[in-house]
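Below is one structure, written out as structure tokens; comments come after it.
Chains as they are written, first to last, in the working numbering: chain A, 1195 to 1346; chain B, 54 to 808.
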């Protein structure tokens, strides 16, 4: 039994401690917004926030989470995530959408630390998140728009 | 001068002859309004025809037969129906359709059968008529591919919306005892000129009792309220909230999880397995050996056999598979290699007697008479689809019936695969098709669906979800085949192009010569060639191969548009002006080319890159799936000799752009998809095994490599063309042509690599 703080709530889970957090979220807690893409931290589809930082949950063992606060796409909406979601919808970012939970988590982490990122900072923060539909130009634009909204 | 393509010509003749023999009147036009079985409705809901249901609370439910895999087709199709119905857009909901033949995809058949007959004469109309009749009779010919959804459903969806609107108008006029002409519809309300109003919901039950008008009047384009507008996607909110909209998110009660390892050699099987350690993993219920099986329709090769573990939790199943000790029977493909296939392709383009798909004029004579000739050989590699959502399928087999949650572009193939695996009838299979986490052609194939169905026999009625790892997904794809092409051109003494010939070699993916689409995008080009020919030499192998975004256009766009650039250089002409001259007789193409020249400021010197780096600029234009796309790419060579595409300008003539916002989105996506392949994409085989296993060795484009993209849509009221794939073919040649201006060297092989 492991006790985690997920989306602001304390949750006790039965998965063995070596289970990657991704599978605990998806199968045991039914938080399926976090996606499996590669299993090797190469694509970012499984990105969640660990104390605000973007991490790849497919390679993060349950035992390594400890007391850190886990935030998933289903969690309470921070200012940053709210602004990003609005921008995502206004600019019609998503296509198939499968990578978008991870993209939004990475973008949230970026804006939390760097409220008005330039293109280079966006590219650096977001280049761990693959998208096969090619939504990158719109993600870039949406992050800028969310940053503008937050700065107002 | 008539343009003859052999396949076109033969089909046209057959069609005309067929119609004459049977008699025009004996073939009623296909009706697509009323399904064989009425739609099922919930309390308070009525069906107005086979495409739309209306609830007393005003909710409009539109039936979707097409797969939403990111291309936005659900939003686009819903707009079409809602516009003609004058529905309240905010009350529109979507529902998966049945597999009734009214949803059968006629447009994709017109393409897949001997491609689209040219012109609009008797032959073409006859063929369409026959195909319509054929399509009507065959159950389950529903598919999402070939950029065909809007082309196929634009009119049926409009007719369905218009019929619904007319029924609502008639219901109101009858109730109010006023002439129909005094009533009007807008945004979910019927109004009488007296000011009296009723909502669609209030009128639903009365309207549903009326006969369905088969010939309701369609709006004129000036009356469109949604069509042609940049409406936001209907799925945006769900997809930004992590809603469970994919097959992988299915969680029926009692769900078990399966993982699998497939024979790494394509087509191999399990010879034996020691599963003691694997079975000892806590939570593991069963270890199951699965057989190899043939790839099926629209593909080649044999799906490898493998061993699966079924467990209570997904990670238990994955761990268990990792502990399996499998002895493989590698089968017959152990000497299959991409190098050997490459050599066979090289021999193929020099073959004596390739199958001629298109001939215009007399190429052989023109080449012999030419003052100068040039030729060039091109090659493209195998490619994986690498959808972000790995292959998965959930099946519950209980009391002789199956319930399936799967991502598929061809639902009837999927249903048949399950029925066959379980030995049950098709109508004992219920499919739930959520959104697809990417398709690109991969999800035409039912390999994982067959495997999941076989596993569902082993779980005593509990549902089981089979999920492939990324490694299985990458190494057991249906790859875009590798191809080569030898292109030859002749010029007269004045430097005018007098002959054009392409001979390609590669898999025809099981299609007989008449139906072979291998030269689509190389045959019947819009350029006004005096003498032209395209031919194809079938070179087959045991690789599992299938269709990939833009299909044959994905390689033929590269071959033809790179060679066109070489011809321009040989003629000492500007590549854009040279193309424009050959397109004088094709006003739509010429317009697209001229617009992209203007957008990219082609007449000016290209801008300098950072620190004064030289920027190379290349152009390409390609028609596919009824749409014409031209692109200009601006490219620099980075400090470590890496190719960096900074900017892409893209112009499309896709006929009427139903949703310009979605059209732009698809162009951007298709450009980046094509750029991934142009710069990085390559699957290689050694000893029958795919060498690339994950996103480190098959590396799609990342954000840092994504160029800026500027798109323009030509305003048009022509019928909608395809849009999901059409942006892919021009990008590789545009980039290759741009690199030539920087290096003076032609790169004729993909992925593009500077020496």
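Note that beta-carbon positions come from the ideal geometry of N, C-alpha and C, so glycine has one too.
Mind checking who residue i pairs with in its DSSP beta bridge?
| i | result |
| --- | --- |
| residue 589 of chain B | B:408, B:557 |
| residue 1244 of chain A | A:1247, A:1264 |
| residue 702 of chain B | B:685, B:763 |
| residue 793 of chain B | BP columns for residue 793 of chain B are empty, so no partner. |
| residue 1255 of chain A | A:1214 |
| residue 299 of chain B | B:488 |
| residue 536 of chain B | B:433, B:559 |
| residue 253 of chain B | According to DSSP, which records beta bridges pairwise, residue 253 of chain B is partnered with nothing at all. |
| residue 445 of chain B | B:520 |
Given that residue i touches chain A, what residues does it touch there, using C-beta distances under 8 Å?
| i | result |
| --- | --- |
| residue 722 of chain B | 1289, 1327, 1328, 1329 |
| residue 274 of chain B | Residues of chain A passing the Cβ test: none, with the nearest at roughly 23 Å. |
| residue 310 of chain B | 1221 |
| residue 491 of chain B | 1290, 1292, 1326, 1327 |
Would you identify the three-state DSSP class for residue i, choosing helix, strand or coil?
| i | result |
| --- | --- |
| residue 146 of chain B | strand |
| residue 713 of chain B | helix |
| residue 1330 of chain A | helix |
| residue 739 of chain B | strand |
| residue 655 of chain B | coil |
| residue 191 of chain B | coil |
| residue 106 of chain B | strand |
| residue 745 of chain B | coil |
| residue 582 of chain B | coil |
| residue 161 of chain B | helix |
| residue 116 of chain B | strand |
| residue 1219 of chain A | helix |
| residue 1229 of chain A | coil |
| residue 385 of chain B | coil |
| residue 170 of chain B | Note that residue 170 of chain B scores 35 on pLDDT, short of 50, meaning its location in the model is unreliable and no value can be drawn from it. |
What whole-angstrom Cβ distance do residue i and residue j have, given they're in contact under 8 Å?
| i | j | result |
| --- | --- | --- |
| residue 779 of chain B | residue 723 of chain B | 7 Å |
| residue 804 of chain B | residue 731 of chain B | 6 Å |
| residue 115 of chain B | residue 162 of chain B | Rounded, the Cβ-Cβ distance is 23 Å, inconsistent with contact. |
| residue 1250 of chain A | residue 1238 of chain A | 7 Å |
Chain B partners of residue i, CB-CB under 7 Å?
| i | result |
| --- | --- |
| residue 1232 of chain A | 523, 747, 748 |
| residue 1320 of chain A | 756 |
| residue 1342 of chain A | Near residue 1342 of chain A there are no residues of chain B at all, since even the closest Cβ is about 18 Å away, more than 7 Å. |
| residue 1279 of chain A | 293 |
Using a Cβ cut-off of 7 Å, pull out every chain A residue sitting near residue i, in sequence order please.
| i | result |
| --- | --- |
| residue 660 of chain B | None at all; the shortest Cβ gap to chain A is about 17 Å. |
| residue 718 of chain B | 1286, 1289 |
| residue 761 of chain B | 1331 |
| residue 809 of chain B | No answer is possible for residue 809 of chain B: the residues shown for chain B start at 54 and end at 808. |
State buried or exposed for residue i, treating a residue as buried only when at least 16 other CB atoms are found within 10 Å of its CB.
| i | result |
| --- | --- |
| residue 1208 of chain A | exposed |
| residue 1337 of chain A | buried |
| residue 577 of chain B | buried |
| residue 417 of chain B | exposed |
| residue 262 of chain B | exposed |
| residue 706 of chain B | buried |
| residue 136 of chain B | buried |
| residue 401 of chain B | buried |
| residue 811 of chain B | No statement about residue 811 of chain B is possible, as the shown extent of chain B runs from 54 to 808 and does not include it. |
| residue 619 of chain B | buried |
| residue 292 of chain B | buried |
| residue 504 of chain B | buried |
| residue 740 of chain B | exposed |
| residue 625 of chain B | exposed |
| residue 110 of chain B | exposed |
| residue 267 of chain B | exposed |
| residue 412 of chain B | buried |
| residue 738 of chain B | buried |
| residue 209 of chain B | buried |
For residue i, which residues in chain B fall below 9 Å Cβ to Cβ?
| i | result |
| --- | --- |
| residue 1227 of chain A | 294, 295, 296, 297, 302 |
So which residues on chain A does residue i lean against when the C-beta distance must stay under 9 Å?
| i | result |
| --- | --- |
| residue 368 of chain B | 1209, 1210, 1212, 1213, 1214, 1216, 1217, 1218, 1221 |
| residue 286 of chain B | 1283, 1286, 1288, 1289 |
| residue 732 of chain B | Under the 9 Å cutoff, chain A gives no residues; its nearest Cβ is about 13 Å from residue 732 of chain B. |
| residue 666 of chain B | Correct list: empty, because the minimum Cβ distance to chain A is about 17 Å. |
| residue 725 of chain B | 1325, 1326, 1327, 1328, 1329, 1330, 1331 |
What residues from chain B crowd round residue i, counting only those whose CB sits closer than 8 Å?
| i | result |
| --- | --- |
| residue 1298 of chain A | 293 |
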